[in-house]
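Going by our numbering, the letters in the sequence shown line up with residues 692 to 952, in that order. Note that beta-carbon positions come from the ideal geometry of N, C-alpha and C, so glycine has one too. The model shown is predicted, which means the values in this text are computed figures rather than measured ones. Written below as structure tokens is the structure these notes are about.
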Amino acid sequence: MKLIAVAALLVSSACTTLGPMPATTGISAVPADRPGFEAQAAIVPAFYLSSAAEGSNAGNATGQLSILVEPDRWLGIPGLVVGAREFGQSGDTLVEPYIGLRRRVGDGVSLAAIGYGTETTSAASGASYSATRLGTELAADVQLLELAGWVSLHWQVSASFTDIEASGSYCIAGGGAATDCQNDGTDTRANGNVSGIFPAGTAQLSLDLGHRPSGVFHDARLAVLASAGQMPQLSFGQQEAQRATYTSWGLSLTLGLGAEH
């Protein structure tokens, strides 16, 4: 929960903050190779739809809680993962389910493909929006170094492609950028729409404790994430043809438990 509080501080600003859009799921490509689950608390790189309406390309971070289940032999599909995550801040949180497959493809090399999607509505300070997200993320993890047989250093790169369909209503300043509503009869409002597929790339360096072939404890992972991606730009409620590029960073802590073998 401390991570979530830090994320809320990072994304707070003078203007209303709405519409968190994470750049990555934060899921490791390395499978547990036996039935289990992973719980994660994170600050993930993101942009906000409200920042797009403000004419800003500043990257943000958003708090995330995630739970993942890997059924493995229970369903006879090694590497299958299903789960859900909650991200955003107070008053504007989204719950997003996901499903994917992750496999070891070589000595210290794993690949993953994750699909995700959700829809949401939220309002704050006179601004409101509704959005639908549908996307996929492809990831590759390489073990860089192994220490003491159960501690390892990993490098993961991933690419996500998120289709965002969103509409909203907000107050604008003279230049066409979003601003906080005064609600005194002098506000100028705009209705805006966002539509398109927005890519992002993420690099993740993690310290893993575990990944042993047996035991109820599967893994504990501390990761640092850095992302860059494209985000829309809105002026007077109209989506501009030229997109902006944002950068952001994050942190995650993941604990994996489950079957002994």
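Among the options, nearest to residue i - alpha-carbon criterion
i: proline 923; options: Phe908, Leu946, Gly883; result: Gly883
i: threonine 809; options: Ala830, Thr784, Gly797; result: Thr784
i: serine 886; options: Gln929, Arg776, Val786, Gly901; result: Gln929
i: aspartate 832; options: Ser741, Ala743, Pro711, Ala914; result: Ala914
i: alanine 712; options: Ala919, Leu771, Phe908, Cys872; result: Note that residue 712 corresponds to methionine in the displayed sequence, not to alanine. The candidate whose alpha carbon is nearest that of methionine 712 is Ala919.
i: asparagine 874; options: Gly817, Arg776, Ser858, Gly840; result: Gly817
i: alanine 775; options: Ile768, Phe908, Glu787, Ala857; result: Glu787
i: tryptophan 841; options: Leu759, Ala714, Pro904; result: Pro904
i: glycine 746; options: Gln933, Ser781, Thr811; result: Gln933
i: alanine 962; options: Thr707, Thr708, Leu740, Asp724; result: What the structure shows of the chain is the stretch from 692 to 952, and residue 962 is not part of that stretch, so it cannot be assessed.
i: glycine 892; options: Ala720, Ala850, Asp878, His902; result: Ala850
i: cysteine 872; options: Ala815, His909, Gly859; result: Ala815
i: threonine 708; options: Ala744, Ala720, Ser719, Asp910; result: Ala744
i: glycine 754; options: Ser742, Glu777, Gly767; result: Glu777
i: glutamine 731; options: Ser719, Ser757, Ala720; result: Ser757
i: glycine 797; options: Ala720, Phe908, Gly876; result: Ala720
i: histidine 902; options: His845, Ala857, Glu931, Thr879; result: His845
Same chain only: Cβ atoms within 7 Å of residue i, ignoring 5 sequence neighbours per side
i: phenylalanine 852; result: Gly826, Thr827, Ile888, Pro890
i: glycine 662; result: No statement about residue 662 is possible, as the shown extent of the chain runs from 692 to 952 and does not include it.
i: glycine 750; result: Pro736, Phe738, Tyr937, Thr938, Ser939
i: phenylalanine 927; result: Ile863, Gly867, Ala881
i: glycine 806; result: Tyr789, Ile790, Gly791, Thr827
i: threonine 870; result: Cys706, Cys862, Ile863, Ala864
i: histidine 952; result: Arg725, Ser905
i: histidine 909; result: Ala723, Gly727, Gly901, Gly947, Leu948, Gly949
i: threonine 879; result: Cys862, Ile863
Beta-carbon proximity list for residue i, same chain, < 6 Å, skipping 5 on both sides
i: alanine 894; result: Val848, Ala917
i: serine 843; result: Gln834, Glu837, Asp899
i: alanine 935; result: Asn748, Met922, Gln924
i: glutamate 729; result: Leu759, Thr945, Gly947
i: alanine 696; result: Here alanine 696 scores only 39 on pLDDT, less than 50, and its place in the model is too uncertain to base an answer on.
i: glycine 812; result: A small fix is needed here, since residue 812 is threonine in this sequence, not glycine. Within the same chain, threonine 812 has close Cβ partners Ser821.
Contact set for residue i: own chain, Cβ-Cβ below 8 Å, skip 5 residues either direction
i: proline 726; result: Glu761, Pro762, Asp763, Arg764, Trp765, Gly949, Ala950
i: proline 769; result: Pro722, Asp724, Asp763, Arg794
i: valine 907; result: Leu948, Gly949, Ala950, Glu951
i: glutamate 931; result: Pro923, Gln924, Leu925
Beta-carbon separation (whole angstroms), residue i vs residue j, contact threshold 8 Å
i: valine 772; j: arginine 793; result: 6 Å
i: serine 943; j: glycine 717; result: 5 Å
i: isoleucine 855; j: arginine 824; result: 6 Å
i: glycine 876; j: serine 819; result: Their Cβ separation, rounded to whole angstroms, is 19 Å, which puts glycine 876 and serine 819 out of contact at 8 Å.
i: glycine 710; j: alanine 857; result: 7 Å
Any chain C beta carbon closer than 9 Å to residue i
i: glycine 947; result: Chain labels in this structure do not include chain C; a single protein chain is all it has.
| said: Below 8 Å, how does it come out for the stretch 783-802 and the stretch 865-877: are there three or more Cβ pairs, yes or no? | reply: The stretch 783-802 is not in contact with the stretch 865-877.
| At what residue ranges does the stretch 910-943 contain a whole run of the alpha helix (DSSP H), taking only runs of 4 or more? | Fully enclosed alpha helix (DSSP H) runs of no fewer than 4 residues are not present anywhere in the stretch 910-943.
| query | What are the complete beta strand (DSSP E) segments, minimum 3 residues, inside the stretch 798-837? | reply | Counting only runs of 3 or more, we get 800-815.
| In chain order, each beta strand (DSSP E) run of at least 3 residues that lies wholly inside the stretch 699-779 | For the beta strand (DSSP E) assignment, the uninterrupted runs of no fewer than 3 residues enclosed by the stretch 699-779 are, from N- to C-terminal side, 711-713, 727-739, 751-761.
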